[in-house]
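15 is the number of the first residue of the sequence shown in my numbering; add one for each residue after it. All C-beta atoms, glycine included, are put in the ideal place defined by N, C-alpha and C. Scroll down for the structure; my scribbles are underneath it.
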Amino acid sequence: MKSLWNDQEAAGFPGDLGARIYTSRLLGRDKTLVLHGGGNTSVKIREKDLVGREETVLYVKGSGWDLEFIEAAGFSPVRMQRLVDLSRLAQLSDPQMVNEMRTHMLRAEAPTPSVEAILHAILPYKYVDHTHSDAVLAVCNTADGERRIREIYGDSVVVIPYVMPGFDLARLAAEIFPRESGPKTIGMVLMNHGIFSFGETARESYERMIELVDLAERALPPERSAASAAAPAQPACRELAALRRDVSAVAGRPMIVATHQDAASLAFAGRADVGSISTRGPATPDHVLRTKRVPMVGRDARGYAQQYAAYFNEHSATAREPKKMLDPAPRVIVDPALGVCTVGNNAKDAQIVFDIYANTMRTIQRSEQIGGWKALPPKDIFDVEYWDLEQAKLAKSGSPPVFAGEVALVTGAASGIGKACVQSFLARGAAVIGLDIDPAIATLHKRPDYIGVACDVTAGGEVMQAIEKGVRAFGGLDIVVLNAGIFPGGKRIEALDDSEWSRVMRVNLDANLALLREAHPLLKLAPRGGRVAVIGSKNVPAPGPGAAAYSASKAALAQLARVAALEWGSDGIRINMLNPNAVFDTGLWTDEVLTQRAKHYGLSVEEYRRNNVLKVEVTSRDVAELAAELCGPLFAKTTGAQIPVDGGNERVI
Ligand code: ZN
């Protein structure tokens with residue numbers, strides 16, 4: 015492991031706190047050291063306050079910040095003396111500890127200091143760095159881990175046996191560290207938890223971390239890269255959707271299930287001993303909050319939930335305070351045929367779980383090579399999973415967005431109404447699969463809950479592949495928005511040729527039939543019941559001259575949707591249609607076309623835009639928001655409906 019320190023870069027971070035920010039980010043850049051908010055760092059600075067009183071302030075990472083992206087605002091300034099005094103108490107509950115830290119901060123809006131703040135305070139060094147290094151954990155989590163750690167580090171580190179992070183750990187370290195540290199001490203290993211380094215400068219502390227982790231790396235056998243097995247058989251969408259339904263059923267809400275079939279995941283899931291090595295526990299206790307203690311091996315979600323409840327009942331019986339059971343659904347699924355699936359309340363959570371578990375798989379296998387993976391006993395993991403602070407966070411967290419954990423597919427999603435639908439569904443917490451013939455669809459959004467696939471909706475194979483891609487990423491399909499359509503220029507019937515007629519029917523009607531047919535088995539497996547929103551047209555109830563093909567195609571689509579509502583009601587699938595009119599903020603309507611059409615009717619552009627009963631302009635967003643609401647709880651008891659969104663049209667009313 016190499017130091018990433020760079021003098022030029024470092025010069026951009028002046029002052030003691032600046033240096034702290036810089037090396038914190040260096041630690042954050044290495045995913046084998048810290049992941050997603052893990053680890054913490056601090057610096058002790060002498061400061062004068064407004065009235066001229068001087069004191070030492072501990073700037074420690076605040077909770078909710080990630081080392082990789084931390085800024086000055088991410089460090090909480092806490093009075094050092096108070097923290098040192100607290101470390102001498104016989105006991106301190108977590109809520110008391112948080113209260114003490116928050117009431118002894120020097121910046122009112124600073125984040126809550128890390129639960130390891132007291133531990134940082136008692137270490138007598140200006141800079142303190144703490145990571146959950148994979149290499150150190152791979153050595154710790156073996157049958158004779160402590161002996162190995164002592165052998166590797168000698169007297170360069172103090173070793174602290176495992177205790178619960180927070181006050182108990184700070185207190186134990188306050189007792190052991192002064193006794194066992196010496197002139198050669200540059201770090202501290204917390205067994206089964208992580209490692210600390212310290213120094214008088216930010217660089218010294220950071221480079222000692224690198225040096226210590228490098229020693230652990232060298233003590234481990236080189237990592238075997240997973241043999242790239244033959245391309246795995248692609249699991250059928252239905253299998254994945256059924257798995258997601260079962261997992262969501264035990265979670266009590268829809269969950270995103272992401273399937274990972276990279277070589278490393280497949281190799282791990284395919285190991286003959288996977289049932290044993292994957293169920294001994296996590297690499298470090300705080301991963302439990304993301305990954306749960308053990309993955310589900312195989313696909314029996316109900317069985318997993320029963321075991322989880324048994325684990326909860328066993329350990330909550332002896333807990334200090336009453337505990338409320340979290341949902342018993344797995345967060346990691348290991349299955350020889352599927353590889354590794356990760357589960358989350360949303361796509362971002364499922365991705366974070368995978369980032370953590372990818373490291374865990376490597377760590378487990380390295381420990382296996384040097385004497386056998388041995389994690390902490392379940393009781394210790396339970397204590398972290400259910401500690402007061404986490405339970406309090408849970409109680410405070412508000413209700414999730416309406417489509418949290420759900421997956422929506424939108425066609426014609428690169429522009430106009432489709433693009434607005436993508437926004438409306440993302441804003442309501444759904445993961446979205448956007449389809450469009452325009453390749454720009456792929457990069458419409460860069461976020462974990464969006465996938466854009468360029469495809470021609472009239473090519474069945476392409477649509478099927480796009481659905482498969484979406485289902486592998488998110489686990490299933492809950493909502494479909496049929497939006498893709500074409501509107502050829504005005505042509506009277508006598509001038510309408512067969513090929514144009516068929517082209518309009520192919521895109522506006524046939525493609526939607528094919529998509530509905532493919533989506534049906536997946537919608538049937540949607541945890542809350544499938545929903546379809548069909549973007550129709552005012553032309554369904556009130557056709558216009560010169561638009562025979564378009565009007566006929568949308569009218570046929572309306573009839574198709576109504577039959578689907580009848581046929582699929584018993585599958586819990588709702589299908590509703592909305593009929594927009596005169597939506598001008600789409601690619602179709604350039605300023606030029608708009609001016610022309612307005613002129614044709616003898617109106618100003620402004621009048622033409624609002625040429626309806628309510629004299630309002632109808633935008634893509636209006637249509638998209640209604641499409642989203644149609645799929646939400648407000649319309650839970652409505653199916654087969656056609657709703658205008660046109661500002662009021664005399665011919666429709
Ligand atoms: Zn830690």
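Label Arg-238 either buried or exposed according to how many other C-beta atoms from any shown protein chain fall within 10 Å of its C-beta, with 16 as the threshold for buried. Locating residue 238 in the sequence shown gives position 224, counting from the first residue. Arg-238 should be labelled exposed.
At a cut-off of 7 Å, is Asp-182 close to the ligand ZN when judged by its beta-carbon and the heavy atoms of the ligand? Numbered from 1 along the sequence shown, position 168 holds the residue referred to as residue 182. Every heavy atom of the ligand ZN is 7 Å or more from the Cβ of Asp-182, so no.
Determine the DSSP secondary structure at Ile-459, reduced to helix, strand or coil. In the sequence shown, counting from the first residue as 1, residue 459 sits at position 445. Checking the sequence shown, residue 459 turns out to be His, not Ile. If DSSP states are grouped into helix, strand and coil, His-459 belongs with coil.
Go through the stretch 158–192 residue by residue and report every complete run of the beta strand (DSSP E) that reaches 3 residues or more, in order. 171–174
Between Asn-373 and Lys-45, which are expected to be in contact by the criterion C-beta below 8 Å, what is the C-beta distance as a whole number of angstroms? Position 359 of the sequence shown, counted from the first residue, corresponds to residue 373. Position 31 of the sequence shown, counted from the first residue, corresponds to residue 45. Right, their Cβ atoms sit about 7 Å apart.
Do the stretch 290–305 and the stretch 504–523 touch if we need at least three Cβ pairs shorter than 8 Å? no
Tell me, to the nearest whole angstrom, how far the beta carbon of Gly-76 is from that of Thr-126; I am working on the premise that it is less than 8 Å. Residue numbering aside, residue 76 sits at position 62 when the sequence shown is read from its first letter. Residue numbering aside, residue 126 sits at position 112 when the sequence shown is read from its first letter. A Cβ-Cβ separation of about 6 Å places Gly-76 in contact with Thr-126 under the 8 Å criterion.
Take Glu-420 as the anchor and find which of Thr-472, Ser-411, Val-357 has the nearest alpha-carbon. The residue labelled residue 420 in the question sits at position 406 within the sequence shown. Of the candidates Thr-472, Ser-411, Val-357, the one whose C-alpha sits nearest the C-alpha of Glu-420 is Val-357.
So within the stretch 251–298, which uninterrupted alpha helix (DSSP H) runs reach at least 4 residues, ignoring any that extend past its ends? 251–265, 277–283, 288–291
Burial state of Met-339, where buried means 16 or more other Cβ atoms lie within 10 Å: Sequence index remark: in the sequence shown, residue 339 carries index 325 (1-based). Flag for Met-339 reads exposed.
For the pair the stretch 215–229 and the stretch 37–56, tell me if three or more CB-CB distances fall below 8 Å. yes
Output yes or no for whether 8 Å exceeds the beta carbon distance between Pro-342 and Tyr-322. Counting from one through the sequence shown, the residue named residue 342 turns up at place 328. Counting from one through the sequence shown, the residue named residue 322 turns up at place 308. Closer than 8 Å, so yes.
In the DSSP output, which residue or residues are listed as bridge partners for His-144? Residue 144 sits at position 130 when you count from the first residue of the sequence shown. Among the bridge pairs identified by DSSP, His-144 is matched with Asn-54, Phe-210.
May I ask you to report which of helix, strand or coil DSSP gives Glu-664? Against the sequence shown, residue 664 aligns to sequence position 650. Coil.
Residue(s) in a DSSP beta bridge with Ser-516: By one-based count along the sequence shown, residue 516 stands at place 502. Per DSSP, none; premise fails for Ser-516.
C-beta atoms of Ala-444 and Phe-417 nearer than 8 Å: Here residue 444 corresponds to residue number 430 of the sequence shown, with the count starting at 1. Here residue 417 corresponds to residue number 403 of the sequence shown, with the count starting at 1. In contact: Ala-444 and Phe-417 (Cβ atoms closer than 8 Å).
Apart from the five residues on each side of it in sequence, which residues of its chain come closer than 8 Å, Cβ to Cβ, to Val-288? Walking along the sequence shown from the start, residue 288 turns up at place 274. Excluding positions up to five away in sequence, the list reads Phe-282, Val-311, Val-348, Pro-350.
First through last residue of the alpha helix (DSSP H) which encompasses Pro-392: Position 378 of the sequence shown, counted from the first residue, corresponds to residue 392. Run containing Pro-392: 392–399, per the alpha helix (DSSP H) assignment.
Straight-line gap, Gln-405 to Ala-135 (C-alpha atoms, nearest Å): Against the sequence shown, residue 405 aligns to sequence position 391. Against the sequence shown, residue 135 aligns to sequence position 121. Answer to the nearest angstrom: the Cα atoms are 26 Å apart.
Please find out if some non-hydrogen atom of the ligand ZN comes closer than 7 Å to the beta-carbon of His-5. Residue 5 cannot be examined here, being either before or after the span of the chain that is shown, 15 to 667.
Of the listed residues Leu-81, Leu-648, Phe-89, Ala-566, nearest to Leu-72 (C-alpha basis): The count along the sequence shown starts at 1 and reaches residue 72 at position 58. Nearest option by C-alpha distance: Phe-89.
If the criterion is Cβ atoms closer than 8 Å, does the pair Arg-258 and Val-271 meet it? To locate residue 258, count along the sequence shown from 1; it is residue 244. To locate residue 271, count along the sequence shown from 1; it is residue 257. Yes, they are a contact pair.
Three-state secondary structure assigned by DSSP to Gly-353: Translated into the one-based positions of the sequence shown, residue 353 becomes position 339. Three-state DSSP puts Gly-353 in a strand.
If you scan the stretch 517–599 from start to end, which runs of the alpha helix (DSSP H) of 4 or more residues do you find wholly inside it? 525–538, 562–582
Buried or exposed for Pro-28, please, with buried defined as at least 16 other CB atoms from any protein chain shown within 10 angstroms of its CB. To locate residue 28, count along the sequence shown from 1; it is residue 14. When all chains shown are included, Pro-28 counts as exposed.
For Ile-431, report the span of its alpha helix (DSSP H) as first-last. To locate residue 431, count along the sequence shown from 1; it is residue 417. For Ile-431, the enclosing alpha helix (DSSP H) starts and ends at 430–441.
On the CB-based measure, 16 or more other CB atoms within 10 Å of its CB, does Ser-413 come out buried or exposed? Residue mapping note: residue 413 aligns to position 399 of the sequence shown, counting from 1. Exposed.
Let me make sure I understand the geometry here. Which of Arg-96, Ala-509, Ala-441, Glu-606 has the alpha-carbon closest to that of Glu-639? Position 625 of the sequence shown, counting from 1, holds the residue named residue 639. The shortest Cα separation from Glu-639 among Arg-96, Ala-509, Ala-441, Glu-606 belongs to Ala-441.
If we ignore side chains and look at the alpha-carbon of each, how far apart do Met-205 and Pro-179 end up? For the purposes of this step, residue 205 is taken as residue 191 along the sequence shown, with counting starting at 1. For the purposes of this step, residue 179 is taken as residue 165 along the sequence shown, with counting starting at 1. About 11 Å.
According to the neighbour-count rule (16 or more other Cβ atoms, all chains shown, within 10 Å of its Cβ), is Asp-512 buried or exposed? As a position in the sequence shown, residue 512 is number 498, starting the count at 1. By the neighbour-count rule (16 or more Cβ atoms within 10 Å), Asp-512 is not buried but exposed.
Is Leu-390 closer than 8 Å to Tyr-176 when the C-beta atoms are compared? In the sequence shown, the residue the question calls residue 176 occupies position 162. In the sequence shown, the residue the question calls residue 390 occupies position 376. The answer is yes: Cβ separation under 8 Å.
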